[in-house]
């Protein structure tokens with residue numbers, strides 16, 4: 005049975021991966037909070053728009069009430085009532101302008117909040133996500149190769165091409181020569197080195 009992990013088995017690389025994941029998560033949370041703050045700040049500009057809307061509504065209601073009252077007067081009442089009724093319409097226009105301004109401010113607040121949060125999030129998380137997905141894909145491929153019966157020689161060869169020289173020399177003073185000779189212990193150690201870096205745990209390496 006072959007186990008595949010989302011993280012490398014080697015401690016140093018596992019620490020780097022976990023640290024990168026936590027930093028990416030913290031980055032996303034921080035910029036979401038910043039975006040929300042920008043959204044809330046811009047929404048405060050709705051205050052004048054709301055006051056304009058309320059003023060227009062009060063003006064319309066006042067003029068409409070006066071129009072009804074004066075309309076009852078004899079002789080000139082109808083003419084005065086009609087004039088005040090037309091004046092009240094300007095209050096409606098003022099209230100509509102306030103409402104439109106409030107809606108536009110809300111849209112601007114949403115747009116600025118999203119842009120403020122999404123741009124830095126995308127810039128950082130896309131490379132992070134690409135790196136993590138590449139690691140998972142390679143780990144899945146290695147686990148699949150092991151289940152298909154691929155021998156350690158291939159993984160040892162991969163280790164020779166991918167692993168740092170200092171780590172390779174811990175396996176053998178001349179790891180390339182050991183691989184060419186088919187030294188079973190060196191080949192197994194090189195293969196384990198590569199598999200551990202890929203986050204793949206074979207039965208021989210699994211604790212316990």
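Residue numbers (our numbering): 5 to 212. In this text, a Cβ means the ideal position worked out from N, Cα and C, and glycines have one as well.
For the pair residue 175 and residue 196, the Cα-to-Cα distance works out to about 10 Å. Counting only the Cα atoms, residue 47 lies some 16 Å from residue 36. Take residue 135, set aside five residues on each side of it, and the residues of its chain with a beta-carbon closer than 8 Å to its own are 24, in chain order. Note that the stretch 121–130 does not touch the stretch 187–204; fewer than 3 beta-carbon pairs, one per stretch, sit closer than 8 Å. From the listed residues 121, 49 and 123, the smallest Cα separation to residue 110 is found for 49. In this structure, residue 145 lies away from residue 11, with their beta-carbon atoms at least 8 Å apart. Annotation for residue 17: 201 place their beta carbon closer than 7 Å to its own, counting only its chain and skipping 5 residues before and after. Rounded to the nearest whole angstrom, the C-alpha separation of residue 192 and residue 161 is 11 Å. Judged by beta-carbon spacing, residue 199 lies beyond the 8 Å limit of residue 164, meaning their Cβ atoms are not closer than that value.
Secondary structure of residue 191 (DSSP, three-state): helix.
Sorting 167, 104, 121 and 101 by C-alpha distance to the C-alpha of residue 32 places 121 at the top.
Look at residue 13 here: in three-state DSSP terms it is coil, with no helix or strand label. As the crow flies, the alpha-carbon of residue 103 is around 18 Å from that of residue 44.
Around the Cβ of residue 172, a 10 Å sphere holds 16 or more other Cβ atoms; the residue is buried.
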